[in-house]
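Enquirer: First the structure, which I've put down as structure tokens, then a few questions once you've had a look.
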Amino acid sequence: LQSRLEAMSGKKVLLDPAISNAWFKLVLQNAGASVIAAADPCLMPKAAKNEVEIAGMKACHIRDGVAMSKFLCWLDAEVAAGNLHDEATLADRLEAFRKEDPTLMDLSFDTISAAGGNAAMCHYNHENQPEPGKLELNTLYLVDSGGQYLDGTTDITRTIAIGQPSAEMIKQFTLALKGHIGVARARFPKGTRGYQ
1 LQSRLEAMSG KKVLLDPAIS NAWFKLVLQN AGASVIAAAD PCLMPKAAKN EVEIAGMKAC
61 HIRDGVAMSK FLCWLDAEVA AGNLHDEATL ADRLEAFRKE DPTLMDLSFD TISAAGGNAA
121 MCHYNHENQP EPGKLELNTL YLVDSGGQYL DGTTDITRTI AIGQPSAEMI KQFTLALKGH
181 IGVARARFPK GTRGYQ
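full-length UniProt numbering puts the first residue of the sequence shown at 1, with every later residue one more than the last.
What follows is the structure in structure tokens.
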């Protein structure tokens, strides 16, 4: 990387001070490049999706939603029948529903399928455990998953009550919902960016 920057000797190079580090500027200046501090002109066009990308994103989310709905319906029926599956079986079943769509290329990331206390572990992966956890009644199950489709990528997280949720679970879910509603209704100062 350094040799590539040094090859810019005698040229004008734009660096965005909001996202570039001092090392880049130092190497370029020492190489004799003229460093221009300005906002990255590619940032906003990359952040705004075009009509084709928007249409693809909507379409793949609808199809992925169908797979997720089939999975949740299947899960409800299995729990009602007393079939408390393990995390691996659940992840595999969700993937099978996604694979019914011929535009699915792969999962967008390893599915986080976490039963009970495992759901509290950030980026938990049942494949890294000696034995996958198993659903238990009156606990929670978390599934964080997504698909990579020809026309877009999805990422969805759901927490599902297995059996009867406790009063504490209901309280925490209600507080989280109130927080989401509060953020959705918040008015941010003009010019606020997503990375702030």
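Just so it is clear, CB atoms sit at the ideal spot from N, CA and C, and this is done for glycine as well.
Values in this document were obtained by computation on a predicted structure and should not be read as measured data.
(1) Just the Cα atoms here: how many angstroms apart are phenylalanine 188 and leucine 5?
(2) Based on the DSSP output, what are the partners of lysine 134 in its beta bridges?
(3) Suppose only complete runs of 3+ residues qualify. What are the beta strand (DSSP E) ranges in the segment 152–191, listed by chain order?
(4) Between which two residues does the beta strand (DSSP E) carrying glycine 147 extend?
(5) Using a Cβ distance threshold of 8 Å, determine whether the segment 144–162 contacts the segment 52–61, with at least three qualifying pairs required.
(6) Specify, as a first and last residue, the run of the beta strand (DSSP E) that lysine 12 falls within.
(7) May I ask you to report which of helix, strand or coil DSSP gives methionine 105?
(8) Starting from the Cα of phenylalanine 109, find the closest Cα among Lys11, Gly146, Val35 and give me that residue.
(9) In whole angstroms, what is the alpha-carbon distance linking proline 17 and methionine 8?
(10) What does valine 143 pair with, by DSSP beta-bridge criteria?
(11) Per DSSP, what kind of secondary structure is alanine 38 in: helix, strand or coil?
(12) Between the segment 41–49 and the segment 126–137, do three or more beta carbon pairs fall short of 8 Å?
(13) Rounded to whole angstroms, what's the CA-CA distance from residue 264 to glutamate 87? Just pull it up for me.
(14) So, at 7 Å on beta carbons, what are the nonlocal neighbours of asparagine 125 in its own chain, with the 5 sequence-adjacent residues on each side left out?
(15) Does the beta-carbon distance from isoleucine 162 to threonine 192 come in below 7 Å?
(16) Any chance the segment 63–83 sits against the segment 94–101, with 3 or more Cβ pairs inside 8 Å?
(17) Using C-beta distances below 7 Å, list every residue in its chain close to threonine 154, excluding the 5 sequence neighbours before and after it, in chain order.
(18) Lysine 11 and alanine 33 look like a contact to me (Cβ under 8 Å); what is the Cβ gap, rounded to whole Å?
Expert: If we stick to the structure as given:
(1) 38 Å
(2) Asp86
(3) 156–162
(4) 147–149
(5) yes
(6) For lysine 12, the enclosing beta strand (DSSP E) begins and ends at 12–15.
(7) strand
(8) Gly146
(9) 18 Å
(10) Ser113, Arg158
(11) coil
(12) no
(13) Here the chain covers residues 1 to 196 and nothing more, so residue 264 does not appear.
(14) Asp110, Ile112
(15) no
(16) With the cut-off at 8 Å, the segment 63–83 and the segment 94–101 touch.
(17) Cys60, His61, Asp64, Ser108, Gly146, Gly147
(18) For a cut-off of 8 Å, the C-beta gap from lysine 11 to alanine 33 is around 6 Å, short enough to register as a contact.
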